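Numbering (this note's numbering), first residue to last: 3 to 366. Read the structure below first, then the notes.
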């Protein structure tokens with residue numbers, strides 16, 4: 003029989019270990035917390051200057067984002083693809099790479115997932131759904147492979163190649179749903195995917211699907227891979243000091259290709275989740291800029307996979323709560339985008355400047 007003293011001792015041991023870790027985590031998150039508070043403060047000044055009540059506006063955002071099942075579902079639905087693109091950005095960033103092509107990789111992942119969901123019929127759900135998800139990840143990975151090879155073999159700047167390929171992806175997907183695979187009607191979209199390829203909903207009647215769970219699992223896998231595996235160690239070593247890593251026997255080319263391909267796969271999986279779990283067809287322009295949001299969210303989250311989850315939920319809450327705020331208080335929805343931009347400005351600008359100066363050869 004367990005004695006009361008044993009329970010007390012175990013509890014003391016647990017809290018003595020957990021408390022310092024919590025303090026360290028809070029200290030690391032302090033810049034992001036301060037940035038959010040500063041953004042809210044400046045946003046309040048903007049609201050007051052335009053004749054609106056900051057308290058009423060922020061209360062409306064909170065109520066709209068978390069005030070009921072619909073609000074919570076909408077917030078998490080908005081956050082899900084951003085988690086994937088944030089993971090994509092930070093994974094490449096850990097290798098010293100600046101992948102700003104997550105938008106294109108997400109679109110290509112969504113398109114390939116839709117094609118498998120439409121064309122492959124007669125399969126049971128336990129085969130069809132994983133196949134469509136894998137196709138989505140493969141589509142994004144392929145779109146990450148091109149700049150990876152150009153970087154590893156020719157030294158091409160990945161910022162330029164990933165950005166240009168995003169524009170190519172926009173053109174390809176728009177063309178595909180406007181002509182070859184367009185469904186009957188005026189809207190540039192495909193027909194519905196097979197029911198066997200649909201991701202199940204997890205919070206009816208909202209649009210939140212199992213893609214959110216996949217996003218959380220992906221964050222855990224990325225964190226484990228980067229911190230607990232040899233591959234993760236090599237990727238981080240290349241990102242910290244490529245010359246030293248190469249001197250230690252680490253293949254720089256292999257690391258670059260692996261990082262950008264994995265980054266593309268994560269973004270592609272996010273696109274697949276949107277198509278299979280929310281829209282159930284590929285719709286031209288289904289992404290309002292999830293790839294660009296992911297870049298910002300990764301920085302707001304401190305380039306930490308778990309931090310990216312909370313940052314994505316914060317941005318999702320601003321988006322979903324902002325719509326409620328606009329309806330109930332008459333505050334323009336543009337205020338929400340101002341708040342988001344302010345958070346990004348306060349958090350990301352110093353980090354981006356430091357990174358760009360480092361890349362240009364400036365000793366920080």
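The C-beta atom is built at its ideal place from N, Cα and C for all residues, glycine as well. These numbers come from a predicted model, not from an experiment.
Under a Cβ-count criterion, where at least 16 other Cβ atoms within 10 Å of its own Cβ denotes burial, should residue 121 be classed as buried or exposed? Here residue 121 refers to the residue found at position 119 of the chain shown. Looking at its Cβ environment, which holds fewer than 16 other Cβ atoms inside 10 Å, residue 121 is exposed.
For residue 339, does the count of other Cβ atoms within 10 angstroms reach 16, so buried, or fall short, so exposed? Stepping through the chain shown from its first residue, residue 339 is reached at position 337. Residue 339 comes out exposed.
Considering only the alpha carbon of each residue, which of 211, 130, 140 lies closest to residue 197? The residue given as residue 197 occupies position 195 in the chain shown. When the alpha-carbon of residue 197 is set against those of 211, 130, 140, the nearest one is in 130.
Roughly how many whole angstroms lie between the Cα atoms of residue 119 and residue 199? In the chain shown, counting from the first residue as 1, residue 119 sits at position 117. In the chain shown, counting from the first residue as 1, residue 199 sits at position 197. Straight through space, the alpha carbons of residue 199 and residue 119 are spaced by roughly 5 angstroms.
Which same chain residues end up closer than 6 angstroms to residue 232 when comparing Cβ atoms and leaving out the 5 residues on each side of it in sequence? Start at 1 with the first residue of the chain shown, and residue 232 comes out as number 230. None.
Which same chain residues, not among the five before or five after residue 56, have their C-beta less than 7 angstroms away from its C-beta? The residue labelled residue 56 in the question sits at position 54 within the chain shown. Setting aside the 5 residues that flank it on each side, residue 56 is surrounded in the same chain by 46, 49, 50, each with a C-beta closer than 7 angstroms to its C-beta; the list follows chain order.
Going by alpha carbons, who is nearest to residue 280 out of 188, 179, 211, 191? The sequence position of residue 280 within the chain shown is 278, counting from 1. Closest by alpha carbon: 211.
What did DSSP end up calling residue 249 once you bin it into helix, strand or coil? Counting from 1 along the chain shown, the entry for residue 249 is found at position 247. The three-state reading of DSSP puts residue 249 in helix, counting H, G and I together.
Assuming residue 115 contacts residue 81 (C-beta within less than 8 angstroms), just tell me the rounded distance between them. Here residue 115 refers to the residue found at position 113 of the chain shown. Here residue 81 refers to the residue found at position 79 of the chain shown. The pair is not a contact, with the Cβ atoms about 20 angstroms apart (cut-off 8 angstroms).
Do you know whose CA, among 151, 139, 284, 70, lies nearest residue 176's CA? For the purposes of this step, residue 176 is taken as the residue at position 174 of the chain shown. Nearest to residue 176 by alpha-carbon distance, out of 151, 139, 284, 70, is 284.
Quick one: Cα of residue 371 to Cα of residue 36, how far? No answer is possible for residue 371: it lies beyond the span of the chain, which begins at 3 and ends at 366.
Spatial neighbours of residue 93 within its chain, please: C-beta separation below 7 angstroms, excluding the five flanking residues on both sides. By 1-based counting over the chain shown, the position of residue 93 is 91. Spatial neighbours of residue 93 in its own chain (CB-CB distance under 7 angstroms, excluding positions within 5 residues in sequence) are listed in chain order as 224, 261, 264, 265, 268.
Cβ neighbour criterion (16 or more within 10 Å) applied to residue 76: Residue 76 sits at position 74 when you count from the first residue of the chain shown. It is buried - the Cβ of residue 76 has at least 16 other Cβ atoms within 10 Å.
Note the first and the last residue of the continuous alpha helix (DSSP H) segment covering residue 329. Locating residue 329 in the chain shown gives position 327, counting from the first residue. Following the DSSP letters along the chain, one finds residue 329 inside the alpha helix (DSSP H) bounded by residues 307 to 331.
Give the DSSP bridge partners of residue 211, in chain order. Taking the chain shown and counting its residues from 1, the one referred to as residue 211 is at position 209. Residue pairing by DSSP places residue 211 opposite 203 in a beta bridge.
Could you check where the alpha helix (DSSP H) with residue 232 kicks off and where it finishes? Taking the first residue of the chain shown as position 1, residue 232 is located at position 230. Run containing residue 232: 232 to 242, per the alpha helix (DSSP H) assignment.
Enclosing alpha helix (DSSP H) for residue 72 [first to last residue]: For this step, residue 72 is matched to residue 70 along the chain shown. Residue 72 -> alpha helix (DSSP H) spans 71 to 96.
Taking contact to mean 3 or more Cβ pairs, one atom from each stretch, closer than 8 angstroms, check whether the stretch 288 to 307 and the stretch 133 to 150 are in contact. The stretch 288 to 307, when compared against the stretch 133 to 150, does not touch it at the 8 angstroms Cβ threshold.
Contact check, residue 221 vs residue 346, beta carbons under 9 angstroms: Indexing the chain shown from 1 puts residue 221 at position 219. Indexing the chain shown from 1 puts residue 346 at position 344. No.
Specify, as a first and last residue, the run of the alpha helix (DSSP H) that residue 256 falls within. Numbered from its first residue, the chain shown carries residue 256 at position 254. First-last of the alpha helix (DSSP H) with residue 256: 254 to 276.
Please state whether the Cβ-Cβ distance between residue 258 and residue 154 is less than 9 angstroms. Mapped onto the chain shown, residue 258 falls at position 256. Mapped onto the chain shown, residue 154 falls at position 152. A contact, by the Cβ cut-off of 9 angstroms.
Using the Cα positions of residue 241 and residue 275, report the straight-line distance between them to the nearest angstrom. Here residue 241 is taken as the residue at index 239 of the chain shown, counted from 1. Here residue 275 is taken as the residue at index 273 of the chain shown, counted from 1. Approximately 29 angstroms, taken between the alpha carbons.
How big is the Cα-Cα spacing for residue 173 and residue 167? Your numbering for residue 173 matches position 171 in the chain shown. Your numbering for residue 167 matches position 165 in the chain shown. As the crow flies, the alpha-carbon of residue 173 is around 10 angstroms from that of residue 167.
Identify the continuous alpha helix (DSSP H) that holds residue 284 and give its terminal residues. Taking the first residue of the chain shown as position 1, residue 284 is located at position 282. Per DSSP, residue 284 belongs to no alpha helix (DSSP H) and is neither H nor E.
Whole alpha helix (DSSP H) elements within the stretch 98 to 136, 4-residue minimum: For the stretch 98 to 136, the continuous alpha helix (DSSP H) assignments of 4+ residues that do not extend past its boundaries occur at 104 to 121, in sequence order.
Terminal residues of the alpha helix (DSSP H) in which residue 158 lies: Counting from one through the chain shown, the residue named residue 158 turns up at place 156. Unbroken run through residue 158: none, as it is neither H nor E.
With the cut-off set at 9 angstroms, would you say residue 292 and residue 272 are in Cβ contact? The sequence position of residue 292 within the chain shown is 290, counting from 1. The sequence position of residue 272 within the chain shown is 270, counting from 1. Going by C-beta atoms, residue 292 is nearer than 9 angstroms to residue 272.
Which word fits residue 349, buried or exposed, when buried means at least 16 other C-beta atoms lie within 10 angstroms of its C-beta? Looking up residue 349 in the chain shown gives position 347. Under this definition residue 349 is a buried residue.
Which residue's Cα is closest to the Cα of residue 91: 296, 335, 331? Your numbering for residue 91 matches position 89 in the chain shown. Sorting 296, 335, 331 by C-alpha distance to the C-alpha of residue 91 places 296 at the top.
Measuring only the C-alpha atoms, how far is residue 337 from residue 314? By 1-based counting over the chain shown, the position of residue 337 is 335. By 1-based counting over the chain shown, the position of residue 314 is 312. Looking at the two C-alpha atoms, the distance is approximately 18 angstroms.
Measuring CB to CB, does residue 108 end up less than 9 angstroms from residue 270? Along the chain shown, read from residue 1 onward, the residue named residue 108 stands at position 106. Along the chain shown, read from residue 1 onward, the residue named residue 270 stands at position 268. The answer is yes: Cβ separation under 9 angstroms.
Taking 9 angstroms as the cut-off, decide whether the C-beta atoms of residue 106 and residue 65 are in contact. Counting from one through the chain shown, the residue named residue 106 turns up at place 104. Counting from one through the chain shown, the residue named residue 65 turns up at place 63. Taking 9 angstroms as the Cβ cut-off, residue 106 and residue 65 do not qualify as a contacting pair.
Taking the C-alpha atoms as reference points, what is the distance between residue 133 and residue 206? The count along the chain shown starts at 1 and reaches residue 133 at position 131. The count along the chain shown starts at 1 and reaches residue 206 at position 204. Residue 133 and residue 206: Cα-Cα distance of roughly 25 angstroms.
Reference residue 209, options 254, 135, 322, closest by Cα: Position 207 of the chain shown, counted from the start, is the residue given in the question as residue 209. Nearest C-alpha to residue 209: 322.
Considering only C-alpha positions, which residue in the set 320, 204, 239 is nearest to residue 84? In the chain shown, the residue the question calls residue 84 occupies position 82. Of the candidates 320, 204, 239, 320 places its Cα closest to the Cα of residue 84.
Any idea if residue 219 is buried or exposed, counting beta-carbon neighbours within 10 angstroms, 16 or more meaning buried? The sequence position of residue 219 within the chain shown is 217, counting from 1. With fewer than 16 Cβ atoms within 10 Å of its Cβ, residue 219 is classed as exposed.
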